[in-house]
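Read the structure below first, then the notes.
Residue numbers (the working numbering): 2 to 502.
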């Protein structure tokens, strides 16, 4: 386990170093990284030396990929038009579902051409206001558009989208043409997504929006006050598709895949992951979960062990090399933190708890996940909700059944029709209402830790644990010394007693 962690730490350090250095083509660091990694493969007979060379190579690779990613934001065919605020004709492909405030609609899109020239596949934020909003609101990720709009730089809250590779904005003045997805996987995924949403259409508006968040990660229609309640109660992660959802999707496909040969099962599992990831729009948490699931399936195919911590380290390394900006994504860090907490701490916590097995397991997993995300929450939002632990424990019995049942019956109802879906969704409605009640009730208790309080609590817990370890160790040594003295006295008494001899 040491090797993957060392490489991941080296990559993170390299990305931060590259971010501090700024944009560059980074040709020399990239060549140096390749040389160091090749050298690590050559000296594989000496594991320690190979790890040192590999860590150096990964460190320099992190510098290179981050600098090149920043360079891609500053140098592109769109750089001139964006800086000068030019009005151009563009063709683009949406990479996200349109959303936005009441009087504007926004969506990220990859620009294919600008003024008839290749745009280098750069990402922009399409922004539409006025009467043209309806043309964008009905579109989905994967749809293609031809528009005329004014380019500009990212400003205000939109600057965060630079970490999603956006190089500017396009204020759309006119839609010239709209077409469906060109990529077949988008067409299939959007059709499956439409079936699931159609099967949930018989639910009341708020539960329908919550179900879309649970099974697809689509939170656009959830009322703002309810989103705030989920955040205040520490349940907002339930509205972000992650590892549990990916596991449930694979579980649904398992009856079909288990009858196939191992290689066919592996390819089929990858197809399920690709389909589910496209349906949920490849959010950072979905990326992490899908790559981890793919690595686990690869390990099973090769007959190798798949330790959760090792798989997480490899998945994070692969994803950060492909997209170093993920290191600055709160969703990605929360997902990885929760997974790391569960992998490292859930088993030790469960061993120290008392009570029924189901209770110990649920409490251990929930506590470990909260410990894993605590540093990210404190660093990003400045507070850690104390009510998150009991709220997550209360919601845990509903999450698994709701995700599986909601996904399956929504798909069935979307095909069978609204009359069938209405009856099938009655258990779904009951579970959604229960989770909504938990979130709203827990949000009424705004108990939270700020960073100083969290540090003090951590120090107190650490002191108690240290004292307990010292006491236990001293007690064990004292008992051992007393036992040894007793054995010596017993032997001496036996030898000195004439009756026994």
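C-beta: ideal position from N, C-alpha, C; glycine also.
(message) Comparing C-alpha positions only, which one of 433, 39, 365 sits nearest to residue 223?
(response) Your numbering for residue 223 matches position 222 in the chain shown. Among 433, 39, 365, the Cα nearest to that of residue 223 is on 433.
(request) Kindly indicate the opening and closing residues of the beta strand (DSSP E) around residue 109. (result) Taking the chain shown and counting its residues from 1, the one referred to as residue 109 is at position 108. Residue 109 -> beta strand (DSSP E) spans 105-115.
(request) Kindly give me the distance between the Cβ atoms of residue 405 and residue 253, rounded to whole angstroms, as I take these residues to be in contact under 8 angstroms. (result) Numbered from its first residue, the chain shown carries residue 405 at position 404. Numbered from its first residue, the chain shown carries residue 253 at position 252. Going by Cβ atoms, the distance from residue 405 to residue 253 rounds to 7 angstroms, so yes, they are a contact pair.
(request) Note the first and the last residue of the continuous beta strand (DSSP E) segment covering residue 242. (result) As a working note, residue 242 is residue 241 in the chain shown. From DSSP, residue 242 is part of no beta strand (DSSP E); its letter is neither H nor E.
(request) Quick one: give me the first and last residue of the alpha helix (DSSP H) that residue 409 is part of. (result) Working through the chain shown from its first residue, we reach residue 409 at position 408. Looking at the DSSP string, the run of the alpha helix (DSSP H) that includes residue 409 is 389-417.
(request) Note the first and the last residue of the continuous beta strand (DSSP E) segment covering residue 176. (result) Stepping through the chain shown from its first residue, residue 176 is reached at position 175. Unbroken beta strand (DSSP E) run through residue 176: 167-180.
(request) Note down, in chain order, each residue of its chain lying with its Cβ closer than 6 angstroms to the Cβ of residue 180, except the 5 sequence neighbours on either side. (result) Here residue 180 refers to the residue found at position 179 of the chain shown. Around residue 180: 145.
(message) Given a cut-off of 8 angstroms on the beta-carbon distance, is the pair residue 80 and residue 113 in contact?
(response) Locating residue 80 in the chain shown gives position 79, where the first residue counts as 1. Locating residue 113 in the chain shown gives position 112, where the first residue counts as 1. No, they are not a contact pair.
(message) According to DSSP, simplified to helix, strand and coil, what is residue 151?
(response) Locating residue 151 in the chain shown gives position 150, where the first residue counts as 1. In the structure shown, residue 151 sits in a strand (DSSP, three-state: E or B).
(request) Compare the C-beta of residue 207 with all C-beta atoms of chain C and state if any pair is closer than 8 angstroms. (result) Chain labels in this structure do not include chain C; a single protein chain is all it has.
(request) Kindly list the residues whose CB is nearer than 8 angstroms to the CB of residue 342, restricted to its own chain and excluding five residues on each side of it in sequence; keep chain order. (result) Translated into the one-based positions of the chain shown, residue 342 becomes position 341. Cβ neighbours of residue 342 beyond the five flanking positions: 369, 370, 371, 372, 373, 374.
(message) Using CA atoms only, rank isn't needed, just tell me which of 428, 62, 162 is closest to residue 319.
(response) The residue labelled residue 319 in the question sits at position 318 within the chain shown. Comparing Cα-Cα distances from residue 319 to each of 428, 62, 162, the minimum goes to 62.
(message) Quick check: what's the CA-CA separation for residue 4 versus residue 13?
(response) Numbered from its first residue, the chain shown carries residue 4 at position 3. Numbered from its first residue, the chain shown carries residue 13 at position 12. For residue 4 and residue 13, the distance between alpha carbons rounds to 14 angstroms.
(message) Taking the alpha-carbon of residue 152 as reference, which of 139, 260, 128 has the nearest alpha-carbon?
(response) Sequence index remark: in the chain shown, residue 152 carries index 151 (1-based). For the residues 139, 260, 128, the minimum Cα distance to residue 152 belongs to 128.
(request) Return the chain-ordered ranges of every alpha helix (DSSP H) run that is complete within the segment 254-334 and spans a minimum of 4 residues. (result) 263-280, 285-303, 309-323
(request) Between the Cα of residue 348 and those of 310, 327, 244, 439, spot the shortest distance and give me the residue it belongs to. (result) Position 347 of the chain shown, counted from the first residue, corresponds to residue 348. Ranking the options by Cα distance to residue 348, first place goes to 310.
(request) Please name the residue or residues paired with residue 146 in a DSSP beta bridge. (result) Residue mapping note: residue 146 aligns to position 145 of the chain shown, counting from 1. Answer is 93, 179, bridged to residue 146.
(request) Determine, using beta carbons only, whether residue 124 and residue 109 come nearer to each other than 8 angstroms. (result) As a first step, residue 124 is located in the chain shown; it is residue number 123 there, counting from the start. As a first step, residue 109 is located in the chain shown; it is residue number 108 there, counting from the start. Their beta carbons are under 8 angstroms apart, which means residue 124 touches residue 109 by this criterion.
(message) Tell me the DSSP secondary structure of residue 502 in three-state form.
(response) Stepping through the chain shown from its first residue, residue 502 is reached at position 501. In this prediction, residue 502 has a pLDDT of 43, which is less than 50 and means its spatial position is unreliable; nothing more can be read from the coordinates.
(request) Specify the secondary structure class of residue 495 as computed by DSSP and reduced to three states. (result) Indexing the chain shown from 1 puts residue 495 at position 494. Low local confidence applies: a pLDDT of 48 at residue 495 is under 50, so the model's placement there is unreliable, with the coordinate-based value given in what follows. Helix at residue 495.
(message) Restricting to Cα atoms, I'd like to know which of 232, 138, 76 is closest to residue 386.
(response) For the purposes of this step, residue 386 is taken as the residue at position 385 of the chain shown. The shortest Cα separation from residue 386 among 232, 138, 76 belongs to 232.
(message) Helix, strand or coil, according to DSSP, for residue 220 in the structure here?
(response) To locate residue 220, count along the chain shown from 1; it is residue 219. Reduced to three states, the DSSP call for residue 220 is coil.
(message) Nearest by alpha-carbon distance to residue 285: which of 304, 7, 243, 70 is it?
(response) Position 284 of the chain shown, counted from the start, is the residue given in the question as residue 285. Answer by Cα proximity: 243.
(message) Helix, strand or coil for residue 20? Go by DSSP, reduced to three states.
(response) As a working note, residue 20 is residue 19 in the chain shown. Three-state result, residue 20: helix.
(request) Would you list the residues sitting across from residue 127 in a DSSP beta bridge? (result) Start at 1 with the first residue of the chain shown, and residue 127 comes out as number 126. Paired residues: 108, 171.
(request) Pick helix, strand or coil for residue 26, following the three-state DSSP scheme. (result) Sequence index remark: in the chain shown, residue 26 carries index 25 (1-based). Coil, per DSSP.
(message) Let's test the definition: count the other Cβ atoms within 10 Å of the Cβ of residue 510 and tell me whether it reaches 16, buried, or not, exposed.
(response) The requested residue 510 does not occur in the structure, where the chain is confined to residues 2 to 502.
(message) Between which two residues does the alpha helix (DSSP H) holding residue 362 run?
(response) Mapped onto the chain shown, residue 362 falls at position 361. Unbroken alpha helix (DSSP H) run through residue 362: 358-382.
(request) Express the C-alpha separation of residue 191 and residue 355 in angstroms, rounding to a whole number. (result) Position 354 of the chain shown, counting from 1, holds the residue named residue 355. Position 190 of the chain shown, counting from 1, holds the residue named residue 191. If you take the alpha carbons of residue 355 and residue 191, they lie about 47 angstroms apart.
(request) Consult DSSP for residue 98 and reduce its assignment to one of helix, strand or coil. (result) Position 97 of the chain shown, counting from 1, holds the residue named residue 98. In the structure shown, residue 98 sits in coil (DSSP, three-state: anything other than H, G, I, E or B).
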